[in-house]
Amino acid sequence: MKRILLFVLMSFLGLNLFAQVLMQQDFSAGQMPPTGWMVFGNTANWTINQANMAGGIVPEGMVKSTPAFNGTMRLISSGVNTTGLTQVIIQFKHMFDHTDGNSTAFTIAVDTRSNGGTWHNVWTKAATGDISAETVTIGVNNTDVGSSNFQFCLYVTGSSTNFKAWYFDDITVLNPLTLDAGMAAVTIPSSFVGSHILEGKFVNVGLTAINAVNVNWQANEGDIHTTNFTGLNLTTGSSYSFTCSDSVALVPGVYNLKVWVSGVNGLATPDDNPVNDTMVKNIAIPEHMAMRRPMFEEFTSSTCAPCASFNASTFNPFIAQHGDEITLVKYQMNWPGAGDPYYTAEGGVRRAYYGVNAVPDLYTDGKVTATNTSAVNNAFNTSLNTITYMDIQSQHEIQGNNVIINANILPYANYSNVTVYVVVVEHITTGNVATNGETEFHNVMMKMVPDANGTAVNLTANQPLNLQFTQDMSATNVEQMSDLLVAIFVQDNSTKEIYQSNYSQETGSMFTMTPANGATGVLVNAPMSIQFSQPIRMVGGQAITNSNVADLITLKENGPAGANAGFTATINSSKTLITVTPNPNLKYGQLYYLKVDTAENLSGVHTMAGVSMFTTETSTVGLPKVDQVQCKVVPNPANELLTVQLSDNNIVNRIELLNSLGSIVRNIDNVVAGERNIQLYVGNLPSGIYYVRLLGNSSPQTLRVVISR
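First residue of the sequence shown? That's 37 in the numbering used here, and the numbers climb one at a time after it.
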């Protein structure tokens with residue numbers, strides 16, 4: 037499906053205590069067709085979908101493109117008694133999924149009839165692209181209304197090659213009230229930074245024409261903003277798309293955005309049905325944003341001649357130029373002919389997920405991309421310039437046939453109903469050479485972890501998600517364990533949009549430092565340790581012994597430029613644990629910088645350098661009591677500017693900003709006594725963890741802050 041930039045929340049209108057419901061179908065029985073209904077056409081195309089693509093509650097109805105057809109098929113309702121009525125309302129929720137990369141019109145429609153007679157059209161949509169979830173309201177006043185056997189049908193007409201599926205739910209026929217305006221849609225991103233216009237739609241579901249409506253919005257318990265709309269003349273079933281005069285501008289946080297109609301036709305009292313007047317949408321205003329890393333997925337095969345042509349002429353040159361800027365996974369398919377020897381069932385799951393029926397087929401951030409140079413470059417540039425509210429940071433190590441993965445998803449906004457996919461790929465393979473002339477293949481999917489369904493999650497703003505996996509690769513097609521990459525991406529389960537992607541960073545050995553970074557109250561005589569997950573040696577292959585292990589360790593006061601602190605270091609016989617003992621004891625109330633330099637595992641893969649900055653305990657013997665500065669850093673995470681907020685007992689005269697290695701990257705000297713808010717510009721610093729250190733008459737105080745783009 038095409039990417040839906042703005043989340044459109046649609047509401048079912050009219051199911052309440054006020055309106056007279058003549059018929060309702062929500063497919064909760066899980067039967068297709070429902071009891072009393074019938075299908076005209078191939079019943080195999082009409083089915084129950086265990087999801088809520090149309091915006092209702094699971095399950096829902098759907099018509100799909102397989103088996104193939106070319107013509108008209110109908111889902112026909114049971115009879116409804118409309119005796120004595122001259123007008124009814126038909127409402128339903130729906131979402132249409134057009135064939136990707138195809139703009140040929142495919143018709144979806146609603147007809148009515150009476151007593152089994154001729155069908156009369158009451159709603160038609162010639163869809164040339166996707167239609168996001170919405171509620172359709174149809175006012176029907178034709179000659180079919182008044183019959184004791186009134187029927188309607190949802191139907192499709194055209195070639196099945198021009199659509200994937202039409203989803204529908206909550207189908208209702210009701211007898212309209214006299215005056216009834218209902219809120220039908222609220223259109224605003226679920227997350228944004230700055231201000232954003234508020235748009236939406238209200239609909240007339242009553243008998244009386246509507247000429248004036250007030251649209252109001254309120255975030256949590258904040259101010260009420262009202263926009264007046266007059267001169268409308270909306271007849272039954274007609275809708276009006278509105279834009280509020282006041283944009284939504286909120287400070288970072290999570291909000292219930294309430295939007296409602298009032299003053300219908302100038303009345304001070306509610307209309308006949310107040311239940312459908314209001315919609316509420318949850319929005320999150322993140323403190324900062326990130327830039328998206330484009331995610332490319334290619335479906336290909338070593339038995340596919342067009343695949344070889346596309347790779348050689350377009351995709352391989354593109355990867356040579358932009359490979360360091362993207363995340364790439366290739367799924368080898370089991371056709372044409374015998375198919376690629378490295379096809380796996382997990383690749384087949386991804387093929388079915390996108391509805392791939394030919395190769396080569398390319399997807400960027402979950403959207404189909406034509407296999408030509410212009411389309412690939414356009415998709416890349418569009419994705420690269422897309423703002424997102426998520427980062428992915430991951431490390432992995434290889435031990436024998438196992439890949440050990442430690443992935444962290446860092447959401448800066450709420451992302452519900454998403455899946456985290458972790459994919460082990462091999463950078464270059466040659467063992468799957470077949471008939472298309474290619475002799476090597478890149479980023480071939482070897483295993484999806486834990487499987488092709490990924491890990492379904494709901495992400496909450498500023499609450500990191502940690503996922504850890506150990507994957508045995510011995511039963512896969514891996515040619516060289518040392519040539520593996522781990523790709524990670526987060527995908528929306530409804531729209532298929534990929535919000536962010538990244539590669540995991542390989543390390544020779546993961547390790548844990550004690551005291552942990554940011555620890556306080558550390559005992560002055562306590563040994564420090566670095567625990568590795570596998571044996572290590574010096575870079576270059578030299579063994580690490582008690583005689584040279586100290587060469588890997590740095591221990592200083594305050595930071596990397598501070599005074600050296602004495603220590604002794606040892607390593608255990610299995611070369612997995614370094615112990616650092618202070619000699620003499622550390623100072624009380626002092627910030628320390630402990631660093632372990634890069635080493636390598638026994639396969640020669642480098643470990644990462646690591647830093648822990650911690651503060652020791654404060655002595656209560658022989659020292660005067662010192663007032664602590666109560667302060668904080670906002671916003672945290674920060675993007676362009678961060679502000680250090682000091683309390684009234686300000687005794688700070690120098691502020692330093694240190695990176696994760698303990699290097700001072702910003703500082704302010706001669707802080708004016710009594711100044712409460714001090715700003716630091718961080719817009720040109722790379723994303724990462726930093727520390728604000730406050731120096732004055734009391735013991736140094738350190739605050740942790742995250743900078744993220």
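The beta-carbon is built from N, C-alpha and C at its ideal position, and this holds for glycine as well.
In this text, all values refer to a predicted model and were calculated from it rather than measured experimentally.
Query: Which partner residues of Cys189 appear in the DSSP bridge assignment?; Result: Ile112, Asp147
Query: Can you give me the C-alpha to C-alpha distance between Leu303 and Ile423, rounded to a whole angstrom?; Result: 43 Å
Query: Skipping 5 residues on each side, what residues in its chain have a beta carbon closer than 6 Å to that of Leu591?; Result: Ala601, Phe603, Leu630
Query: For Thr465, which residues of its own chain have a beta-carbon under 6 Å away from its beta-carbon, when the five flanking residues on both sides are left out?; Result: Phe477, Val480, Glu515
Query: Apart from the five residues just before and just after Leu659, which ones in its own chain have a Cβ nearer than 6 Å to its Cβ?; Result: With a pLDDT of 35 at Leu659, under the threshold of 50, the predicted position of this residue should be treated as unreliable, and no value is reported.
Query: Since Thr679 is in the beta strand (DSSP E), which residue starts that stretch and which ends it?; Result: 677-681
Query: Under three-state DSSP, which class holds Gln527?; Result: strand
Query: What separation, rounded to the nearest whole angstrom, lies between the Cα atoms of Leu270 and Glu323?; Result: 41 Å
Query: Can you check whether the CB of Gln56 is closer than 8 Å to the CB of Leu210?; Result: yes
Query: Based on Cα-Cα distance, which residue from Ser139, Asn703, Ala488, Thr643 lies nearest to Ile434?; Result: Thr643
Query: So what does DSSP say about Met517, is it helix, strand or coil?; Result: helix
Query: Where DSSP assigns a beta bridge to Val647, which residues make up the other side?; Result: Lys631
Query: Determine, using beta-carbon pairs with one atom in the stretch 454-465 and one in the stretch 518-529, whether at least three such pairs fall under 8 Å.; Result: yes
Query: By alpha-carbon positions, which one of Val707, Asn240, Val287, Pro447 ends up nearest to Ala255?; Result: Val287
Query: How about Gly218 and Val239: are their beta carbons less than 8 Å apart?; Result: yes
Query: According to DSSP, simplified to helix, strand and coil, what is His642?; Result: strand
Query: Roughly how many whole angstroms lie between the Cα atoms of Asn151 and Asn117?; Result: 11 Å
Query: Can His134 and Asp180 be called in contact, C-beta distance under 8 Å?; Result: no
Query: In angstroms with no decimal places, state the Cα-to-Cα distance between Val688 and Tyr717.; Result: 19 Å
Query: Output the distance between the C-alpha atoms of Ala356 and Pro571, rounded to the nearest integer angstrom.; Result: 35 Å
Query: One question on the structure: do Lys237 and Ser277 come within less than 8 Å of each other, judged by their Cβ atoms?; Result: yes
Query: As a quick exercise: from Ile112, Leu730, Leu638, pick the residue whose alpha carbon is nearest that of Leu190.; Result: Ile112
Query: Taking C-alpha atoms, which residue in Ser281, Thr83, Ala248 lies nearest to Ile260?; Result: Ser281
Query: Since Gly375 and Ser345 should fall inside the 8 Å C-beta cutoff, what is the C-beta to C-beta distance between them, to a whole number of angstroms?; Result: About 18 Å; that fails the 8 Å criterion.
Query: Is the Cβ-Cβ distance between Ile390 and Tyr379 less than 8 Å?; Result: For the sequence presented, residue 390 should be read as Tyr rather than Ile. In this structure, Tyr379 does not lie closer than 8 Å to Tyr390 by Cβ.
Query: Give me the Cα-Cα distance between Gly153 and Ser114, rounded to the nearest whole angstrom.; Result: 14 Å
Query: Determine the direct distance from the alpha carbon of Glu462 to that of Asn513, and round the result to whole angstroms.; Result: 9 Å
Query: Return the residue from the list Val300, Thr214, Ala492, Phe204 that minimises the CA-CA distance to Val249.; Result: Val300
Query: Helix, strand or coil, according to DSSP, for Phe238 in the structure here?; Result: strand
Query: Can you find the residues in the same chain that come closer than 6 Å, C-beta to C-beta, to Val222, ignoring five residues on each side of it along the sequence?; Result: Leu45, Gly236, Val295, Met315, Lys317
Query: Using a Cβ-based criterion (distance less than 7 Å to any ligand heavy atom), does Lys129 qualify as near the ligand ADP?; Result: With respect to small molecules bound, the structure shown includes none, and the ligand ADP cannot be examined in it.
Query: With a threshold of 8 Å, are at least 3 pairs of Cβ atoms found where one atom belongs to the stretch 673-683 and the other to the stretch 562-580?; Result: no
Query: Do the stretch 444-452 and the stretch 226-235 meet, that is, are 3 or more Cβ pairs less than 8 Å apart?; Result: yes
Query: Answer with buried or exposed for Asn695, where buried requires no fewer than 16 other C-beta atoms within 10 angstroms of its C-beta.; Result: buried
Query: Can you grab the Cα-Cα spacing for the pair Asn438 / Val616, in whole Å?; Result: 30 Å
Query: With the cut-off set at 8 Å, would you say Trp159 and Ile174 are in Cβ contact?; Result: yes
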